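Notes follow the structure.
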Amino acid sequence: MNVFEAVKQTVTTRQAAECYGIYVNRAGKANCPFHNDRTPSMKVDKRFHCFGCGADGDVIDFTAQLYGLDAKSAAEKLAADFQIPYTHYKRKETVKKTIREKSEEQMYRELEARCFRVLSDYFHLLRHWERAYAPNLEDETWHPLFVEALQKKDHIEYLLDVLLYDSIEERAALIKEYGKEVMKLERRLSELGTGAEREFEDVGREPALPDPGGSQGSSGGER
Ligand SMILES: [Zn+2]
Numbered sequence: 001m002n003v004f005e006a007v008k009q010t011v012t013t014r015q016a017a018e019c020y021g022i023y024v025n026r027a028g029k030a031n032c033p034f035h036n037d038r039t040p041s042m043k044v045d046k047r048f049h050c051f052g053c054g055a056d057g058d059v060i061d062f063t064a065q066l067y068g069l070d071a072k073s074a075a076e077k078l079a080a081d082f083q084i085p086y087t088h089y090k091r092k093e094t095v096k097k098t099i100r101e102k103s104e105e106q107m108y109r110e111l112e113a114r115c116f117r118v119l120s121d122y123f124h125l126l127r128h129w130e131r132a133y134a135p136n137l138e139d140e141t142w143h144p145l146f147v148e149a150l151q152k153k154d155h156i157e158y159l160l161d162v163l164l165y166d167s168i169e170e171r172a173a174l175i176k177e178y179g180k181e182v183m184k185l186e187r188r189l190s191e192l193g194t195g196a197e198r199e200f201e202d203v204g205r206e207p208a209l210p211d212p213g214g215s216q217g218s219s220g221g222e223r
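For the sequence shown, the positions run 1 to 223 when the UniProt record's numbering is used.
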């Protein structure tokens with residue numbers, strides 16, 4: 001028998017109330033401990049019900065409310081206070097299992113966050129390449145990074161959308177399918193690293209135009 005059943009079968013709310021210092025009169029009524037009760041408005045028997053504030057429940061609810069405990073802790077407190085034997089159901093296994101599940105879930109979350117970060121970085125890079133390497137002349141040979149941007153941008157955007165908005169099943173399927181590719185991409189991005197940044201600066205900067213002010217220098221010089 002688990003602790004809830006054992007307690008409910010053994011202790012009435014009235015017994016618990018009296019044990020916890022609440023006076024119950026001969027009519028089975030008590031001043032309600034859950035509201036400012038001047039007359040005994042709480043009927044206390046196997047269960048309890050307050051006609052003043054509507055508090056209602058069984059002995060476990062009563063104890064939980066009285067001590068601010070969750071139901072399990074309240075039941076365990078009652079079992080201890082009334083020396084009620086009960087069966088501990090596979091408690092250890094449950095705890096262990098919870099930890100294992102939690103860490104697996106956590107690992108998955110971390111992997112998902114990592115994939116999202118890599119894809120997002122890559123997406124921004126593609127958008128940058130698309131602008132920075134756009135051919136200026138019609139017959140100019142396209143820069144490979146511009147080609148890559150055209151080819152990959154939509155697909156990467158789609159993958160990001162899945163990771164952002166789809167169900168956990170869809171996301172997990174995506175990571176299963178593209179995980180390896182994303183990790184490769186991560187290595188590539190880190191190798192590009194400083195080199196790519198330097199490249200950005202060069203391309204991103206407007207081409208230096210001849211100073212229209214000529215030999216006069218900057219206008220700041222006149223101030
Ligand atoms: Zn009440």
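Ideal Cβ placement from N, Cα and C applies to all residues, glycine included.
Keep in mind that this is a model prediction, so the values were computed, not measured.
Check: Endpoints, alpha helix (DSSP H) assigned at Val3; Outcome: Val3 to Thr10
Check: Distance between Glu170 and Arg187 (C-alpha atoms, nearest Å); Outcome: 25 Å
Check: Contact check, Leu185 vs Lys153, beta carbons under 8 Å; Outcome: no
Check: Residue interval of the alpha helix (DSSP H) (run including Lys153); Outcome: Pro144 to Tyr165
Check: Phe48 CB to nearest heavy atom of ligand 1 below 7 Å; Outcome: no
Check: Rounded straight-line distance, which links the Cα of Gly193 to that of Ala71; Outcome: 54 Å
Check: For Asp121: DSSP bridge partner residues; Outcome: Answer by DSSP bridge pairing: none, since Asp121 is not bridged.
Check: Coil, strand or helix - Phe116 by DSSP; Outcome: helix
Check: Identity of the residue in Ile22, Tyr86, Tyr122 and Lys46 nearest residue 235 by Cα; Outcome: Residue coverage of the chain in this structure runs from 1 to 223, which leaves residue 235 outside it and unanswerable.
Check: Pairwise C-alpha distance: Thr39 and Lys8; Outcome: 27 Å
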